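Peer 1:
Chains as they are written, first to last, in the working numbering: chain A, 122 to 322; chain B, 122 to 322.
(1) Any beta carbon from chain B within less than 7 Å of residue 177(A)'s own beta carbon?
(2) Residue 224(A) versus chain B: which residues are under 8 Å apart at the beta carbon?
(3) In chain order, which continuous runs of the alpha helix (DSSP H) of length 4 or greater are located wholly inside the stretch 255-302 of chain B?
(4) Using a threshold of 7 Å, state whether the C-beta atoms of residue 138(A) and residue 246(A) are closer than that.
(5) Leaving out five residues on either side along the sequence, give the residues of the same chain with a beta carbon under 8 Å from the beta carbon of residue 241(B).
(6) Does the stretch 229-236 of chain A touch the stretch 190-206 of chain A, meaning 3 or more C-beta pairs lie closer than 8 Å?
(7) Check this for me: beta carbons of residue 265(A) and residue 212(A), under 7 Å apart or not?
(8) Short check: CB of residue 301(B) to CB of residue 295(A), under 7 Å?
(9) Tell me the DSSP secondary structure of residue 245(B) in three-state form.
(10) Under 8 Å by Cβ, that's how I've got residue 149(A) and residue 146(B) pegged, so tell me the actual separation to the nearest angstrom.
(11) Name the chain A residues that come within less than 7 Å of residue 301(B), Cβ to Cβ?
(12) Under 8 Å by Cβ, that's how I've got residue 254(A) and residue 281(A) pegged, so tell me the actual separation to the nearest angstrom.
(13) For residue 320(A) and residue 284(A), which I take to be in contact (beta-carbon distance under 8 Å), what is that distance rounded to the nearest angstrom?
(14) Might you give, ordered along the chain, the residues of its own chain that have their beta carbon closer than 8 Å to the beta carbon of residue 259(B), omitting 5 neighbours on each side?
(15) Quick one: which residues of the stretch 195-207 of chain A get their C-beta closer than 7 Å to a C-beta of chain B? List them in chain order.
(16) Does any residue of chain A bring its CB to less than 7 Å from the CB of residue 146(B)?
(17) According to DSSP, is residue 201(A) part of a helix, a strand, or is it coil?
(18) At the level of alpha carbons, what is the spacing between residue 276(A) and residue 316(A)?
(19) Using 7 Å as the limit for Cβ to Cβ distance, is residue 290(A) near chain B?
(20) Taking only beta carbons into account, state which residues of the stretch 300-319 of chain B come closer than 8 Å to chain A, listed in chain order.
(21) Against chain B, does residue 216(A) count as a neighbour if the rule is that its beta carbon must be under 7 Å from one of theirs?
(22) Anything in chain A within Cβ reach of residue 285(B), meaning under 7 Å, just list it in chain order.
(23) Using the C-alpha atoms, what's the distance from residue 214(B) back to residue 318(B)?
(24) Just how far apart, CA to CA, sit residue 273(B) and residue 291(B)?
(25) For residue 227(A), count neighbouring Cβ atoms within 10 angstroms of its own Cβ and tell me buried if that reaches 16, exposed if not.
(26) With a cut-off of 8 Å on the beta carbons, I'd call residue 190(B) and residue 257(B) a contact; round off their distance for me.
(27) Spatial neighbours of residue 166(B) within its chain, please: CB distance less than 6 Å, with the 5 preceding and 5 following residues excluded, ordered by chain position.
(28) Which residues in chain A have a C-beta closer than 9 Å to the C-beta of residue 213(B)? List them in chain order.
(29) Could you check how far apart the C-beta atoms of residue 297(B) and residue 293(A) are, in whole angstroms? I think they sit under 8 Å.
(30) List the residues of chain B that residue 138(A) touches, going by C-beta distances under 9 Å, in chain order.
(31) Let me know the alpha helix (DSSP H) ranges lying completely inside the stretch 149-175 of chain B, each 4 residues or longer, listed in chain order.
(32) Is there at least one Cβ from chain A nearer than 7 Å to residue 192(B)'s Cβ?
(33) Do you know offhand how far residue 186(B)'s Cα is from residue 161(A)'s?
(34) Hey, is residue 261(B)'s beta-carbon within less than 7 Å of any beta-carbon in chain A?
(35) Give the residues of chain A in contact with residue 228(B), contact being defined as C-beta atoms less than 8 Å apart.
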């Protein structure tokens, strides 16, 4: 996620530290003392701003969701083609950019996927925010999917929303395999199979 | 995983306890003391049998992989059709049984997927065992996939191994979404889209 230079913004320093630690160690292994230390603020500050570790995690998931949403918008507008003419081309561009992001990231992978694995079962609060994240991303992709269907690029035997939900499933699964195989080939293979084979009419 | 009644088998008591705790809390949040307590053995016993928590986790991943491998074999042999006549039908039966398993499990989800999310980046030892697990499962599925291709049930524009790798990606991703949506619909949708739409010639 992008970092700010405002050192006085304690909630933001805490969420940045939390994002780093949750990504590196996971939710359960990260303590509030550790988050405060990483942020360079006294532990008491944490409770001035957040009710609990769970509520804190929910804020971080929300920020991450917004950041992906914004990145999606930027990629769509920077694509060399227009969604109105070539929705499949825009989709290809967006996922190429996302793959590059994971190739360059210090801690690659998706916070929402990681939290789904670790926390979704045990925390209804986190589960709700994770559900919203997935729903928002699904809607973004379904928009392009529907355009592609109208343009005759994408199969129409299933709804745009079903195809988008499936696409995110395979993306999250490929992100897990990326971590195991330690390279981005699983992401490239998954996107290529979707765009050049399975989604075709 | 299946449980044994042999209370004298300390390594097995430890791995059963570890499996339970890793599934419930994750790897990083589970301590060796906690594992020993859950197994009802002194902490010192742990180090009589395992060199480190990482080596211990690798043993558990290996046992889980073998257990899935065995479950796969049982499902294939109990399917109402034969792979030699109807490989797609066997695939459908196997994944229906796997879905039922996750519906009935106390802690649904896949240990390999969870460990991929949490540990694969930081532990080369675990990463290697996770990689073997994925490769074995991929080979099992690719066997059925190749038969389905020979039988004209499955598309042949990509290799059986590519299609199998993709299938496991979407399965692992759908398992994550199952945890978020708190029901097995994502699994059912993913399998149905694969078998009835995307894999078809």
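Even glycine gets a Cβ: it sits at the ideal position worked out from N, Cα and C.
Owing to the predicted nature of the structure, the values given are computational and were not obtained by experimental measurement.
Peer 2: This is what the structure gives:
(1) no
(2) In chain order: nothing, as chain B lies at least about 14 Å away.
(3) 281-302
(4) no
(5) 247, 248, 251
(6) no
(7) yes
(8) no
(9) helix
(10) 5 Å
(11) 237, 241, 248, 251, 252, 255
(12) Not a contact, Cβ separation roughly 19 Å.
(13) 7 Å
(14) 282, 285, 286, 289
(15) none
(16) yes
(17) coil
(18) 11 Å
(19) yes
(20) 300, 301, 302, 303, 307, 310, 311, 314, 318, 319
(21) no
(22) Neighbours of residue 285(B) on chain A: none; closest Cβ ~12 Å, over 7 Å.
(23) 17 Å
(24) 23 Å
(25) exposed
(26) 6 Å
(27) 131
(28) Neighbours of residue 213(B) on chain A: none; closest Cβ ~17 Å, over 9 Å.
(29) 5 Å
(30) Simply none; closest approach about 17 Å.
(31) 153-160, 164-170
(32) no
(33) 42 Å
(34) no
(35) 242
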